[in-house]
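Colleague:
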Amino acid sequence: MYRLGGSVLPFSEATSSCQKGESLADSVQTMTCYADVVVLRHPQPGAVELAAKHCRKPVINAGDGVGEHPTQGLLDIFTIREELGTVNGMTITMVGDLKHGRTVHSL
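At position 2 of the sequence shown (counting the first as 1) the number is 1 in numbering that gives the first Met the number 0, and the numbers step up by one without a gap.
1. For Asp96 and Gly72, I'd like the C-alpha separation in whole angstroms.
2. Give the range of the alpha helix (DSSP H) segment to which Leu83 is assigned.
3. Rounding to the nearest angstrom, what Cα-Cα distance links Pro42 and Gly84 in this structure?
4. Looking only at C-alpha atoms, which of Ser26, Thr78 and Pro44 sits nearest to Ala13?
5. Based on Cα-Cα distance, which residue from Met89, Lys56 and His68 lies nearest to Ala34?
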């Protein structure tokens, strides 16, 4: 973000009004007053979808709960394409914790 001339507004549960009972929807609405886009990573499944419903700005899913990790999937495909020139017709093998790993479900 910095290389594009932007800035980052860090936001965590520990420093937010969530500790005082503020809902995710309210927190996201507050964040949109300060940002042009919201990139959200949240431990609760479905949190990003909920945030997007209450947000007037674009929301990028950086992963929620034990679900997917879309930004990692995009980075993986980009890296393969940069290194090998294409992803068309390729067979990609994944190893590791395939059942619980969020990144594998994003490709």
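We put the CB at the ideal spot given by N, CA and C, even for glycine. Bear in mind the structure is a predicted one, so any value in this text is a computation, not a measurement.
Modeller: With the given structure in hand:
1. The residue labelled residue 96 in the question sits at position 97 within the sequence shown. The residue labelled residue 72 in the question sits at position 73 within the sequence shown. Asp96 and Gly72: Cα-Cα distance of roughly 16 Å.
2. The residue labelled residue 83 in the question sits at position 84 within the sequence shown. Going by DSSP, Leu83 is part of the alpha helix (DSSP H) stretching over Pro69 to Leu83.
3. Here residue 42 is taken as the residue at index 43 of the sequence shown, counted from 1. Here residue 84 is taken as the residue at index 85 of the sequence shown, counted from 1. Cα to Cα, the separation comes out at about 35 Å.
4. Against the sequence shown, residue 13 aligns to sequence position 14. For the options Ser26, Thr78 and Pro44, the alpha carbon positioned closest to that of Ala13 is the one of Ser26.
5. Sequence index remark: in the sequence shown, residue 34 carries index 35 (1-based). Comparing Cα positions, the closest option is Lys56.
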